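The numbering of the sequence shown is my numbering, which starts it at 639 and goes up by one. Ideal Cβ placement from N, Cα and C applies to all residues, glycine included. The structure displayed is predicted, hence computed values, not measured ones. Beneath this line is the structure, given in structure tokens, with notes to follow.
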Amino acid sequence: MSAAVILLVEDNLMDVELTLDAFAQVGLKNTVTIARTGEEALNYICGKGKFADRKNFPTPDLVLLDLKLPGISGHEVLAELKNDERTKRIPVVVLTSSHEEGDRAVCYDNGVNSYLVKPIDFGEFVKVVRAIGDYWLTLNVGPPEALR
């Protein structure tokens, strides 16, 4: 089995760098693709436009999704993914700075698999990233390939 492909949907370059640094610190060697907008994330996940070649742009095994994105919001991305038969089984973990109860409610109403608030402290963030790797990339048994 090949290493899981992660799609990190994040528009803030500093948060992208922090996340990639945390991945490196905990030893995650997975392929990580970055989408900077909701539209780019949906195009990647659905294999549209420049992402149509699935050999070079494989369907992600895990989506790490920020909520505050330019254009199409993270909430809209989540709703589209979970309402599409082709993508509804892809695990989506919201990774956001929002503590808002309303954001959490909307995410769970739309089928999010997990909602994590980014800690401000880098050491704590590394712990969150380690937990993501331990659970979603090691322990969790995803849907059969034929159902993805």
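*Expressed to the nearest angstrom, what Euclidean distance is found between the alpha-carbon atoms of M639 and V779?*
Unreliable placement is indicated for M639, whose pLDDT of 47 sits below 50; no coordinate value is reported for it.
_Give me the DSSP bridge partner(s) of L703._
Beta-bridge pairing links L703 to V647 and V732.
_Euclidean distance between Cα positions of G712 and M652_ = 18 Å
*Hey, could you find the ends of the beta strand (DSSP E) L754 is sitting in?*
S752 to V755
*Which word fits L645, buried or exposed, when buried means at least 16 other C-beta atoms lie within 10 angstroms of its C-beta?*
Classification for L645: buried.
*What are the boundary residues of the alpha helix (DSSP H) that I672 is part of?*
Careful: I672 lies outside any alpha helix (DSSP H), inside the beta strand (DSSP E) at T669 to A673.
*Count the other C-beta atoms from every protein chain shown that fall within 10 angstroms of the C-beta of F760, then say buried if there are 16 or more, exposed otherwise.*
exposed
_Rounding to the nearest angstrom, what Cα-Cα distance links V793 and F661 in this structure?_
Here the chain covers residues 639 to 786 and nothing more, so residue 793 does not appear.
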